[in-house]
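A.B. asks: Dropping a structure here in structure tokens format, bear with me for questions.
Numbering (our numbering), first residue to last: 5 to 204.
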């Protein structure tokens with residue numbers, strides 16, 4: 005059976021999202037097909053960005069206008085035996101009508117960071133923190149001996165046995181430290197030095 009490899013597309017930057025929303029907020033809203041021709045973003049992606057911007061703006065407005073109910077009661081209310089009526093249930097953000105006009109939101113509301121920024125994605129945490137990388141670079145630059153160590157020796161001596169060689173190599177590359185192939189050369193004797201001078 006052939007294994008299907010699904011590749012995730014490149015994420016649209018917040019600046020590009022803001023440009024798409026701005027083009028849709030013009031006096032004559034630009035079509036998604038025209039946005040695709042100008043910005044190179046597919047029509048479906050531009051439509052999704054616009055739809056999510058409207059949904060996030062509605063949710064943000066509803067959250068800002070919703071009354072806050074605290075769980076603590078004042079002493080006078082605690083001693084009273086009269087039960088307060090239960091607050092009316094508020095509509096969820098997803099229950100808002102989708103037929104509302106797009107012009108109900110200002111451009112600044114739609115392009116704010118809380119509206120356009122991507123939601124945090126779950127995933128495996130990095131095996132090396134910034135502190136670990138700093139300690140690794142400090143260990144490498146310690147002396148001439150540490151600079152000549154292999155990746156395996158570096159992991160053991162630096163206390164990074166739980167990290168793979170490739171992770172250590174990538175961390176060093178991020179800090180501008182690369183690897184080199186050490187070449188051993190024989191020391192020239194006097195006869196070879198004379199021959200080299202003659203050839204030059």
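C-beta atoms are modelled at their ideal positions from N, C-alpha and C, and glycine is treated no differently.
Owing to the predicted nature of the structure, the values given are computational and were not obtained by experimental measurement.
1) Helix, strand or coil, according to DSSP, for residue 35 in the structure here?
2) Between residue 98 and residue 171, what straight-line distance do the alpha-carbon atoms span, to the nearest angstrom?
3) In angstroms with no decimal places, state the Cα-to-Cα distance between residue 137 and residue 176.
4) Tell me, please, whether the segment 147-155 touches the segment 55-66 by the rule of three or more beta-carbon pairs shorter than 8 Å.
5) Assuming residue 56 and residue 47 are in contact, meaning their beta carbons sit under 8 Å apart, how far apart are those beta carbons, in whole angstroms?
6) Quick check: the Cα distance between residue 140 and residue 162, rounded to an integer number of angstroms?
7) Taking all protein chains shown into account, do 16 or more other C-beta atoms lie within 10 angstroms of the C-beta of residue 91, making it buried, or fewer, making it exposed?
8) What does the alpha-carbon distance come out to for the pair residue 197 and residue 191?
9) To the nearest whole angstrom, what separates the beta carbons of residue 25 and residue 114, a pair I think is in contact under 8 Å?
10) With DSSP run on the structure shown, which of helix, strand or coil describes residue 102?
11) Is residue 109 helix, strand or coil when you go by DSSP?
12) Only counting runs of 4 or more residues, tell me where the alpha helix (DSSP H) segments fall wholly within the segment 110-183, in order along the chain.
13) With burial defined as no fewer than 16 other Cβ atoms inside 10 Å of the residue's Cβ, what is the status of residue 159: buried or exposed?
14) Residue 24 lies in the alpha helix (DSSP H); which residues open and close that run?
15) In whole angstroms, what separates the C-alpha of residue 194 from that of residue 186?
16) In the structure shown, what three-state DSSP assignment does residue 191 receive?
17) Just to confirm before moving on: does the CB-CB distance between residue 23 and residue 36 stay below 7 Å?
18) For residue 21 versus residue 120, is the C-beta spacing smaller than 7 Å?
19) Between 184, 42 and 183, which lies nearest to residue 28 when the distance is taken from Cα to Cα?
C.D. replies: In short:
1) coil
2) Below a pLDDT of 50, predicted positions are generally treated as unreliable, and residue 98, at 41, falls in that range; no measurement from the model is reported.
3) 8 Å
4) no
5) Incorrect: roughly 15 Å between the Cβ atoms, too far for contact.
6) 7 Å
7) Legend: pLDDT at residue 91 = 47, less than 50; position of this residue unreliable, value from coordinates given subsequently. With fewer than 16 other Cβ atoms within 10 Å, it is exposed.
8) 10 Å
9) 5 Å
10) Any reading at residue 102 must be qualified, since the residue scores a pLDDT of 42, below 50, and its modelled position is unreliable; no value is offered.
11) coil
12) 111-114, 117-120, 134-144, 148-151, 155-161 and 169-178
13) buried
14) 18-28
15) 25 Å
16) coil
17) no
18) yes
19) 42
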